[in-house]
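Here our numbering runs 10 ahead of the position in the sequence shown, where the first position is 1. Glycine is no exception: its CB is placed at the ideal position from the N, C-alpha and C atoms. One structure is given below, encoded as structure tokens.
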Amino acid sequence: MASINTFDSRDLLDVGGRAYEIFRLDAVPGLERLPYCLKVLAENLLRTEDGANVTAEHVRALADWDPQAEPDTEIQFTPARVVMQDFTGVPCIVDLATMREAVADLGGDPEVINPLAPAEMVIDHSVQIDSFGLAGSLERNKELEYERNAERYQFLRWGQGALDNFRVVPPGTGIVHQVNIEYLARTVFTRRATGPDGDAVTQAYPDTCVGTDSHTTMVNGMGVLGWGVGGIEAEAAMLGQPVSMLIPKVVGFRLSGAIPAGATATDVVLTITQMLRAHGVVGKFVEFYGEGVAQVPLANRATIGNMSPEFGSTAAIFPIDGVTLDYLRLTGRGEEDVALVEAYTKAQGLWHDPSREAVYSEYLELDLSTVVPSIAGPKRPQDRIDLSASKEAFASVLPSYASERSRPTAVTLADGTATELDHGHVAIASITSCTNTSNPSVMVAAGLLARNAVARGLRSKPWVKTSTAPGSQVVTDYYEKAGLWPALNELGFNVVGYGCATCIGNSGPLPAEVSEAVNEADLAVVSVLSGNRNFEGRINPDVKMNYLASPPLVIAYALAGTMDFDYATEPLGRDPEGNEVFLTDIWPDPAEVQATIDATIDREMYTRDYADVFAGDERWRSLETPQGETFAWDESSTYVRKAPFFEGLTMELTPVSDIEGARVLALLGDSVTTDHISPAGAIKPDSPAGRYLAEHGVARADFNSYGSRRGNHEVMIRGTFANIRLRNQLLDGVEGGYTRNFLTGEQESIFDASQAYQAAGVPLVVLGGKEYGSGSSRDWAAKGTALLGVKAVITESFERIHRSNLIGMGVVPLQFPEGESAASLGLDGTETFSIHGLTALNEGVTPRTVAVTATRADGTQIGFDAVVRIDTPGEADYFRHGGILQYVLRSLARG
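What follows is the structure, given as structure tokens:
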């Protein structure tokens with residue numbers, strides 16, 4: 011409830027005889043000209059105005075918004091809800107469970123630790139593709155998932171029972187972002203509140219959310235403002251803390267025209283990703299507008315919104331219109347809810363009117379008719395390649411991955427098939443990820459292409475690991491109704507699970523004989539996936555090159571079997587009559603794709619599949635569920651352990667100190683992603699994490715993935731900076747999680763070196779280049795950095811989420827002076843660093859810069875003023891407390 015109503019904006023809206031309390035945007039002159047996304051923020055401030063965290067001046071700052079000015083006004087955004095996936099969500103619940111004990115230790119009531127905003131978790135990141143290409147693959151993978159993750163799932167069931175306002179969507183339901191748009195999203199949120207006269211009222215306001223996965227932005231396609239945050243920020247939001255942010259610049263993106271035949275929504279999103287990454291939208295909102303918006307199906311809008319992290323924006327939103335209402339009806343929302351969405355958005359000026367153009371900071375435009383079939387790779391989503399140029403592009407980058415142009419290697423597969431592997435061969439072809447498996451246009455196109463291929467006698471190459479991981483069970487339903495499963499299964503694209511799978515690094519092992527041949531011959535094999543992430547080392551440890559493509563192109567590459575292929579001039583094979591079959595011969599007609607969608611997808615599919623979404627299957631319901639207001643930790647567990655962040659916490663703050671005598675743990679280049687920093691993918695036996703698990707009696711076959719063990723800090727700290735493709739420039743020609751220990755001069759794992767430094771009382775820093783921390787919103791990229799003893803990260807630039815998360819863990823983010831870098835300053839990482847000026851934070855002052863002195867072994871010094879990237883007063887408060895969780899815990903313990 012807003013305790014202050016400076017602008018007299020509170021009003022009642024009647025919808026079908028029901029009264030809703032709303033906070034009218036037209037009560038504040040100036041808000042009407044704003045982009046849709048800023049109007050949503052303005053309503054948020056009007057409704058939460060309290061004279062302290064949110065003031066009338068904050069509302070006026072939005073009304074007076076200068077689209078060209080650099081962001082400098084901090085506001086406090088209170089999301090309506092929090093949505094989580096299990097990889098990043100489990101540590102959140104671990105932290106909440108630990109905070110309950112910490113509050114009790116401070117003399118408080120453990121039950122004050124509860125989500126105050128609705129929090130919903132979808133378990134979608136734990137399924138791994140062990141079995142593939144078989145009718146029983148789905149059940150086998152699900153069986154293995156429960157075997158590996160029983161401890162985690164029991165812990166989450168405890169959380170669902172012990173914590174108020176927390177619900178879990180069990181495994182096997184779908185991908186978090188698709189479940190979000192198909193079921194969880196409210197579009198217009200309602201809640202019971204106390205009116206100005208003390209009476210109970212029902213408030214209506216825009217649905218907003220933050221999520222523990224960067225692809226929370228998929229819901230932007232429905233007009234819901236939301237974005238990915240680290241688990242650290244999400245926990246704070248769950249506990250009632252607003253998200254501190256600067257009023258952003260907004261890029262207006264006009265869409266016109268229509269997608270041409272032969273191109274797909276995936277090609278559109280790869281084109282937009284390339285355009286926006288080149289334009290520069292980090293920290294900005296992107297808003298789509300114009301006459302062309304009405305021609306964009308909601309599934310395509312969601313596909314575009316989903317890729318927001320790939321082009322670097324905070325959000326990429328579409329306003330609400332008739333297309334939104336049609337989707338709400340299709341997916342089973344009630345007519346009363348749909349009527350409220352329409353009435354509320356029209357009353358608030360949030361309904362899309364293409365004849366009225368809002369004011370934007372910057373403008374871009376795409377004529378959809380110019381989009382061509384595309385792929386992206388081999389290691390970044392923004393590196394789009396015209397499909398017609400894909401063979402040439404592959405040949406140009408292959409020398410970076412393979413010393414020899416061709417290296418055919420004989421291999422005999424498990425079924426006795428004798429074949430050869432070579433550079434560029436497609437080892438993995440996977441229809442996976444929320445980017446595309448939410449979109450019937452590309453999923454149906456893939457099914458029809460598979461049908462056409464099988465009819466012409468084509469088959470996937472025998473060395474390709476094929477898989478389909480639908481975004482929800484609805485996909486299975488319409489494939490079944492359209493009769494497309496037999497052909498997909500014939501090509502090996504059987505259902506392997508409902509989850510992120512390949513895109514998150516859970517591709518599972520390659521067949522043993524393929525893996526052995528790849529490693530013995532050092533082959534540069536590739537994966538092709540319909541995902542959103544193709545960063546180095548992410549998909550599979552045996553695969554060096556990764557390409558993003560639409561679902562039908564994933565199947566096409568499984569048929570071709572190699573990236574060294576020109577679809578225009580080379581046939582995919584021959585039919586039974588001996589005729590050459592080209593991709594154009596089997597590519598489905600867009601009219602047939604749409605006709606199939608119209609004939610197979612209906613509202614009843616959604617209402618049936620989501621009728622009892624939180625109940626789960628028999629496996630889920632039969633799990634033993636721990637009871638009690640605090641969790642009974644199992645000291646022998648290697649999955650879930652009590653978090654270390656609150657040990658010894660008192661109500662008094664530890665003063666911020668300057669940094670003296672720090673050594674460099676890692677010297678890194680440009681575009682270091684959170685995939686490079688945060689533990690992800692498989693756990694190698696000879697890694698520090700592998701050794702830890704072996705020492706604790708875990709068999710190698712049961713190591714599981716880092717993501718599944720995010721609730722165990724001992725595993726996660728050992729996997730921080732352990733990516734197999736990390737290039738630490740303290741070492742020459744070495745890839746992986748290694749560094750030089752300057753205490754001994756020897757090469758060691760980053761974890762082992764950090765332990766030695768911490769034992770010796772030596773603080774650590776990390777040096778980086780541009781776009782440090784891009785990619786997923788991974789809390790462990792910051793948590794692991796802090797637990798390794800890193801006190802400061804100095805880079806040329808940060809991406810938004812990781813910078814914020816570092817502050818949330820008490821690590822100070824610093825930037826080199828404008829135009830400078832480690833190289834330009836002559837730093838090679840062997841220096842000893844001192845950082846002075848941080849103590850000003852103890853006086854309530856955030857310094858703009860701090861003095862950094864790097865001392866070489868010969869005593870010469872390099873000095874520079876580093877920019878302090880603590881951007882808001884709220885972030886400064888978190889840093890003074892040692893982190894955001896410590897700040898929240900102290901606040902709640904005080905009552």
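Cutting at 6 Å between CB atoms, please list the residues of its own chain near residue i, excluding the five before and the five after it.
i, result
"A903", "V113, L116, G118"
"L677", "Q739, L740, L777, G839"
"R651", "N722"
"S477", "I139, F142, S440, V506"
"S517", "I139, I438, I549, N550"
"E130", "V93, R177, L194"
"L350", "V25, V198"
"P418", "E430, D432"
"G302", "L265, S266"
Kindly indicate which three-state DSSP category residue i falls into: helix, strand or coil?
i, result
"T859", "strand"
"F808", "strand"
"Y649", "coil"
"E580", "coil"
"W237", "strand"
"T218", "strand"
"Q78", "coil"
"K780", "coil"
"Q871", "strand"
"L740", "coil"
"R735", "coil"
"R879", "coil"
"A769", "helix"
"A531", "helix"
"D207", "coil"
"Y897", "helix"
"I14", "coil"
"Q138", "coil"
"V564", "helix"
"G332", "helix"
"T475", "The amino acid at residue 475 is misidentified as Thr; the sequence shows Lys. In the structure shown, K475 sits in a strand (DSSP, three-state: E or B)."
"V122", "helix"
Is the beta carbon of residue j closer than 8 Å to that of residue i?
i, j, result
"E155", "P180", "no"
"P521", "K475", "yes"
"P252", "N63", "yes"
"Q871", "A864", "yes"
"R43", "V279", "no"
"D452", "P519", "The amino acid at residue 452 is misidentified as Asp; the sequence shows Val. No."
"Y748", "E758", "yes"
"S688", "K780", "no"
"Y888", "I804", "no"
Return the chain-ordered list of same chain residues with a C-beta closer than 8 Å to the C-beta of residue i, the five sequence neighbours on each side being excluded.
i, result
"A405", "D574"
"L126", "N175, M248, L249, G250"
"R394", "L280, T281, T283, Q284, S384, I385, A386"
When burial is assigned at 16 or more other CB atoms within 10 Å of the CB, is residue i buried or exposed?
i, result
"A403", "buried"
"D627", "exposed"
"D868", "exposed"
"D74", "exposed"
"K356", "exposed"
"A497", "buried"
"P307", "buried"
"G854", "exposed"
Closer than 7 Å by C-beta to residue i: which residues in its own chain qualify, once you throw out the five before and the five after it? Chain order, please.
i, result
"M11", "Model confidence at M11 stands at a pLDDT of 43, short of 50, so the residue's coordinates are unreliable and nothing is read from them."
"R167", "L633, T635"
I want to see whether chain C comes within less than 8 Å of residue i, judged by CB atoms only; does it?
i, result
"T856", "The structure shown contains no chain C; it is built from a single protein chain."
Please list the segments of the beta strand (DSSP E) lying wholly inside the segment 430-463, counting only runs of 3 or more residues, in order along the chain. 436-441
What alpha helix (DSSP H) runs, 4 residues minimum, are completely inside the segment 337-424? 345-357, 400-407
Within the segment 787-851, ranges of the alpha helix (DSSP H) (whole runs, at least 4 residues): 789-797, 810-818
In the segment 681-733, which residue ranges form an unbroken alpha helix (DSSP H) of at least 4 residues, counting only runs that do not cross its ends? 684-687, 698-705, 723-729
Mind listing, in chain order, the continuous alpha helix (DSSP H) runs of no fewer than 4 residues lying wholly within the segment 591-659? 593-596, 600-610, 613-619, 628-631
Jot down the residue ranges of each uninterrupted alpha helix (DSSP H) in the segment 237-310, minimum 4 residues, whole runs only, in chain order. 241-248, 275-289
Can you check the segment 20-88 for any beta strand (DSSP E) of at least 3 residues that lies completely inside it and give the ranges in chain order? 20-25, 28-33, 84-87
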